[in-house]
Structures are given as C-alpha cells and as structure tokens.
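*Asks:* Letter 153 of the sequence shown, counting from 1, is numbered 205 in UniProt numbering, and no numbers are missing. All C-beta atoms in this analysis are idealised placements derived from N, C-alpha and C, irrespective of residue type, glycine included. The structure follows.
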Amino acid sequence: YATLSAVVTKQTPAFDGKEAALLVEELRINFNTGRTKSYEWRISQLQNISRMIDEKERSIAEALHQDLSKPELEAFLAEISNTKSSCMLAIKELKNWMAPETVKTSVTTFPSSAQIVSEPLGVVLVISAWNFPFLLSVEPVIGAIAAGNAVVLKPSEIAPATSSLLAKLFSEYLDESTIRVIEGGVPETTALLDQKWDKIFFTGGARVGRIVMAAAARNLTPVVLELGGKCPALVDSDVNLQVVARRIISGKWACNNGQACIGVDYVITTKDFASKLIDALKTELKTFFGENPLESKDLSRIVNSFHFKRLESMLKENGMADKIVKGGQTSEDKLKISPTILLDVPEACSMMQEEIFGPLLPIITVQKIEDGFQVIRSKAKPLAAYLFTDNKELQKKFVQDVAAGGIGINDTVLHVTVKDLPFGGVGESGIGAYHGKFSYETFSHKKGVLYRSFAGDSDLRYPPYTPKKKMV
Ligand code: NAD
53 YATLSAVVTK QTPAFDGKEA ALLVEELRIN FNTGRTKSYE WRISQLQNIS RMIDEKERSI
113 AEALHQDLSK PELEAFLAEI SNTKSSCMLA IKELKNWMAP ETVKTSVTTF PSSAQIVSEP
173 LGVVLVISAW NFPFLLSVEP VIGAIAAGNA VVLKPSEIAP ATSSLLAKLF SEYLDESTIR
233 VIEGGVPETT ALLDQKWDKI FFTGGARVGR IVMAAAARNL TPVVLELGGK CPALVDSDVN
293 LQVVARRIIS GKWACNNGQA CIGVDYVITT KDFASKLIDA LKTELKTFFG ENPLESKDLS
353 RIVNSFHFKR LESMLKENGM ADKIVKGGQT SEDKLKISPT ILLDVPEACS MMQEEIFGPL
413 LPIITVQKIE DGFQVIRSKA KPLAAYLFTD NKELQKKFVQ DVAAGGIGIN DTVLHVTVKD
473 LPFGGVGESG IGAYHGKFSY ETFSHKKGVL YRSFAGDSDL RYPPYTPKKK MV
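Put into structure tokens, the structure is as follows:
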C-alpha cells in the first residue's frame, strides 16, 4: 500500500465558522445560477464519479485497508462496486427520475392537468461515518447530485486515509464550484452545522444524530438520519444449519468484523437448538478465518484503540468470561479481536444494552422461537432484523410484527444491495431513507403543479354565494 501517500497529498486547512459561512455562501451563489439543475450538469458529474471509481479503484482499496485493514475483496464488494452500481443506476435512470409525473385532477379543477415536479433542495450537507467510509460518503452524494443540488461532504476523521483521498479525488474529478469535501472532526462539523443548509444527510450514531437534528431545527432544515442500533437475528430450528452459519458469519465478521450498522448484533434461538448453531458457527468460522483468526488477512481490524478498549471492556465485564463459547482473543497492538461468541449473557450487561459494533456475538436463548419477538420488541427499533426459518407463517408474522428499518429473511445484510428497496431506519435507528430512486427523492422537493387554461371559469366558486349556487 505504498502508493497511497503518493495519491493523498492535499490537506484541507483548518476550517472554522467564518470559512464555513463563506463556503455555503459561495455554493449558494453557484447553485442560484441554475447550473446544477440541468440534466447535462448532473449527468456529467455522475459520469465523473463513475470514472473516478474506475480509475482510482486501487487507491480507494488501499485507503480502506489503511483505515480498517479492510480485505481487498470485501472493500471491492461492499464499498467500491456497490457505489459504482448506484452511480450507474443514477446515470441510467436520471431522465426518468427527472421527468415530471402526471397525476389525476378532480372535478373541482376541471378542465386542468397536474404534475409532480422534482426540484433540487439547494445546498446540502452530507456527514458520513468511518465504517464504510467510501460508500457512506459517495452514495448520498450521488443522490444529491442526481437531484441537482450543490453538496458539501464531511467524511469521518476516524477513517483519515479515505477522508483525505475523497477530498483529493472530488477536487480532481468533480465541479469544485458546487461540490466540496471538508475534512475534520467535531470542530469542523460543528462549524458546518452552524450554517443554514437545505438538507442535512447524516450517517452515524444516535448521540451525534441528536446534535445534528438540534442544529438543523434552528433553521427548520430537514434531516435524514442514518443511524444504527442492535440488529437481531432470530434463528429457528428448521433451517439448513451450514447456510445459516455462513450467512450469520457473513453478516457479522465478514462485514467489517462486526463494525457495520446492519451487521448482526445478537442472535436469538431456542434453548434446544443453541448448541447445534454454535457448533455450526465454530466449524464455518474455522473454514473462513483459520485456526488463528487474529492472523487472518480476511478480517478487518478494530478501527482505533478507543473502540478496541470499548469492546474489550464489554468482554471484561463481570462474569462475561464464563459466557464465552468461542474466541475471546485480543491483540491491542494489531487492534484485532477474534470472532467471539457468548451464550446467555445477562440482559443487563452493556453488550445487550448498547450497539456492539464489533466482533462480539451474544446468543440469547428462548423457550419457543416466537418468544424471540418479545426480546426484539423490548429494545429500540433496529436498523435491520433477520429471521432464519423455512416456516412461511413465521416469516409472515416476523415481517408484520417486527418493526425495523429493513428485514432480511434467511440472509443477512444483502437487502442493502437491492437498489429498489429504501434503506433507512425507524425510531432510534433513523429518519428517512435512500438508495436508488429513494436517494433522488430524498434530495428533491416534490412540487405539486396545477395547470389550467382560461376556459371553464364557472361562477360557482365566486361570491356572492347565492342560495342557487349552494343547491348545485
Ligand atoms: P458518529 O456519530 O460518532 O460520527 C459520525 C459523524 O459525525 C462523523 O463524521 C463525525 O466526525 C461527526 N461527529 C462526531 N461527533 C460529533 C459532534 N459532537 N458534533 C458534530 N459532529 C460530530 O458515528 P461513527 O462512530 O462514525 O459511526 C458509527 C455509528 O454509525 C454506529 O452507531 C452505526 O450503527 C452508525 N452507522 C449507521 C449507518 C447507516 O447507514 N444507517 C451506516 C454506518 C454507521
């Protein structure tokens, strides 16, 4: 990964409130010229993003490796190709998305026609998280550009290689007069949040989500909050054990080593079935990551020592060592924690109270599989909920009765790749959604337009409201 430093040269200078105000003013002036509204501008910027991904794929993978030791194939599948396909979809569908939608009118307006016209919101702010730092930055920007907005992206300072690569690449490939990257942490984000935006799109945790929403409220700025939570996987006993184990592993450890918003946070299964599930997980974990997972190149590391210590302290909580049925090894030097499974941890422990966001997997057992619904309902609505069963009735009940941002039946995480599905949370897991056309809509105002001619000007609606008119 020696070439990364050659690519990442530009450093964004310190950025304060005054500079933030000037930036927004400049972008607003440029937005007001109408430049970003044209199909040509939008398509050219989207094509530039697509070209940027093609030409800099290697540098992006290197930055992701530098920030998270993200395995190259995982980086490619989860971030690079996923972002590219979103961009290609926007390029392909842009004309359709931009086309006004004709709707029915009523007898009251006869003769008339009506349309829903999409209008860009203006100058929007995208704040992203560190765990999928390329995808979570570029995917919303694609929506913002497709919808014709000027946009400022603030990537996460906790993934500094990707952040500075994004700053460099955006200035190289995109229209700098309307699309900018501002790097930084809390002070820079605070300076940005103090400005008046037309939308703020935030990906991160609920604590900062509240700060973002409070700042937005001062200007009545609409927000999208893409937050996290504890995503459960409920596992019935009528399943193909090997497939379930592989898909849980894929949605936990092969997904940024558990540092994923829709990764499996905890598993619920029946008392009788738990040991079979654990055995299957152990077998497949060994196949995937070998005898010594701390040495595996196919596992991302923990992002930094703050998060390493946070996870370690969950493991070191009173009595927790006795609950470990697999893993538990840690290496502070390498910031690695092996895939760790714990059985029947107490509900009061921090592992069951907080979003884990790491490679620890508690398994909770219940008497009957239906009891798992109550476990899920006792917690805040998650960003994703998973069910493994062949039982169609149970599947139906789960979809109907479990409130969650999204649901995966007999798989984990993959629903995020379906561009025709909205991606977003509900309750504590977020507000609003994006992906595919939903991204376009999230960054558009839907303007209702009624067209009339001068014909059909009935007296009926005008005063004086005579008794005769009332009879009609
Ligand atoms: P975070 O909330 O700590 O940070 C997110 C962004 O907010 C970063 O850009 C950061 O610089 C900024 N920020 C941090 N503190 C701030 C403050 N006090 N004031 C203003 N801005 C501040 O989140 P994170 O640690 O980067 O990401 C992890 C969280 O994000 C998890 O909860 C995870 O579930 C969630 N997440 C959600 C999604 C999703 O798509 N819904 C995706 C990834 C991560």
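1) Taking C-alpha atoms, which residue in Ile252, Ala213, Val204 lies nearest to threonine 230?
2) With distances taken Cα to Cα, identify the nearest neighbour of glutamate 77 among Ala213, Asp246, Val155, Glu109.
3) Under the criterion of a Cβ to heavy atom distance below 8 Å, does lysine 206 qualify as lining the ligand NAD?
4) Consider the C-beta atom of phenylalanine 325 and the heavy atoms of the ligand NAD; say whether any pair is separated by less than 8 Å.
5) Relative to the C-alpha of serine 90, which residue among Ala202, Pro516, Phe253 is closest?
6) So glutamine 447 is in the alpha helix (DSSP H); what residue range does that whole segment cover?
7) With a threshold of 8 Å, are at least 3 pairs of Cβ atoms found where one atom belongs to the region 410-421 and the other to the region 300-311?
8) From the DSSP secondary-structure annotation, give me the bridge partner or partners of glycine 460.
9) Give me, in chain order, the residues of the same chain whose beta-carbon lies closer than 6 Å to that of leucine 387; leave out the 5 immediate sequence neighbours on both sides.
10) Could you pull out every unbroken alpha helix (DSSP H) segment of at least 4 residues lying fully inside the region 60-123, listed in chain order?
11) Is glycine 256 closer than 9 Å to alanine 181 when the C-beta atoms are compared?
12) What is the residue span of the alpha helix (DSSP H) that aspartate 239 lies within?
13) So, helix, strand or coil for arginine 232, using DSSP?
14) Taking the alpha carbon of valine 319 as the reference point, which residue from Asn292, Leu293, Val287 has its own alpha carbon closest?
15) Taking the Cβ atom as the reference point for each residue, do aspartate 472 and tyrosine 438 lie within a distance shorter than 9 Å?
16) From what residue to what residue does the beta strand (DSSP E) around glutamine 167 run?
17) Which of the three DSSP states, helix, strand or coil, is assigned to phenylalanine 490?
18) Identify whether isoleucine 421 lies in helix, strand or coil by the three-state DSSP scheme.
19) Identify whether threonine 273 lies in helix, strand or coil by the three-state DSSP scheme.
20) Which parts of the region 335-389 are runs of the alpha helix (DSSP H), unbroken and 4 residues or longer, counting only runs that do not cross its ends?
21) With distance defined between alpha-carbon atoms, name the residue in Val193, Glu235, Ala142 nearest to alanine 213.
*Replies:* In short:
1) Val204
2) Asp246
3) yes
4) Not under cutoff, so the answer is no.
5) When each option's Cα is compared against that of serine 90, the closest is Ala202.
6) 444-453
7) yes
8) Tyr438
9) Arg353, Ile354, Phe360
10) Those alpha helix (DSSP H) runs which fall completely within the region 60-123 and span 4+ residues are 69-84, 91-107, 109-120.
11) yes
12) Sequence inspection shows proline at residue 239; the aspartate mentioned does not correspond to that position. Proline 239 -> alpha helix (DSSP H) spans 238-245.
13) strand
14) Val287
15) no
16) 164-172
17) helix
18) coil
19) coil
20) 357-367
21) Glu235
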